[in-house]
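Working notes, beginning with the structure itself.
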Amino acid sequence: MRTFSAIAGSALFLVVAPGVVAGLMPWLLTDHYRKPLAAVPGFVAAGSILLVGAAAILLHAFARFALEGLGTPAPVAPTEKLVVGGIYRHVRNPMYVAVLAIILGQALLFSSWSVIVYGLIAAAAMISFVKFYEEPTLASRYGEEYETYRRAVPGWLPRLMPWRG
Numbered sequence: 002m003r004t005f006s007a008i009a010g011s012a013l014f015l016v017v018a019p020g021v022v023a024g025l026m027p028w029l030l031t032d033h034y035r036k037p038l039a040a041v042p043g044f045v046a047a048g049s050i051l052l053v054g055a056a057a058i059l060l061h062a063f064a065r066f067a068l069e070g071l072g073t074p075a076p077v078a079p080t081e082k083l084v085v086g087g088i089y090r091h092v093r094n095p096m097y098v099a100v101l102a103i104i105l106g107q108a109l110l111f112s113s114w115s116v117i118v119y120g121l122i123a124a125a126a127m128i129s130f131v132k133f134y135e136e137p138t139l140a141s142r143y144g145e146e147y148e149t150y151r152r153a154v155p156g157w158l159p160r161l162m163p164w165r166g
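In the working numbering, each number is its position in the sequence shown, counted from 1, plus 1.
Structure (structure tokens):
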């Protein structure tokens with residue numbers, strides 16, 4: 002895949018997948034962001050930090066797919082190369098972790114139990130998708146290269162020191 006196509010495809014997938022999961026659904030659950038901000042001390046600040054930090058990580062992860070992997074996160078247009086650089090040296094699933102952090106940030110920002118419950122459902126769906134689709138697909142596509150990476154880099158809780166593979 003050409004770089005421009007990879008960037009365009011990744012940008013489209015960013016709007017469609019994380020845009021719906023971390024944007025549209027919490028927006029609907031918070032009555033179009035009209036709920037009052039959290040009254041609990043620290044929740045607004047913590048939620049804001051999570052939102053900004055996770056959004057930066059999400060954008061970085063999408064860029065790695067397009068520029069390093071020459072593909073997209075969408076299963077219909079996968080990467081040509083296994084993406085293991087940047088944030089992927091710390092955690093195998095930074096997009097999912099970032100999306101869940103964005104959802105949690107919104108739950109804190111609005112003190113919304115419905116967004117927390119939604120986040121738990123989204124987490125269960127993501128973990129299941131990774132376990133039953135992504136990991137087997139990556140193992141068959143990239144073989145030993147993926148197995149080495151999978152053994153060295155945790156899936157969900159980032160390692161402090163980057164993997165040097």
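All C-beta atoms, glycine included, are put in the ideal place defined by N, C-alpha and C. The model shown is predicted, which means the values in this text are computed figures rather than measured ones.
| query | result |
| --- | --- |
| Alpha-carbon to alpha-carbon, S113 and S49 | 14 Å |
| Sub-8 Å separation of A62 and A99 beta-carbons | yes |
| Distance, A9 Cα to V17 Cα | 12 Å |
| Beta-carbon spacing of V85, G166 below 8 Å | yes |
| Own chain partners of A108 with C-beta closer than 7 Å, once the 5 adjacent residues on each side are dropped | V116, I117 and G120 |
| Residue range of the unbroken alpha helix (DSSP H) whose run includes F63 | F44 to L68 |
| L59 beta carbon less than 8 Å from that of P19 | yes |
| Element boundaries [alpha helix (DSSP H), containing W164] | Here W164 belongs to no alpha helix (DSSP H), and DSSP marks it neither H nor E. |
| Status (buried if at least 16 other CB within 10 Å, exposed otherwise) for I122 | exposed |
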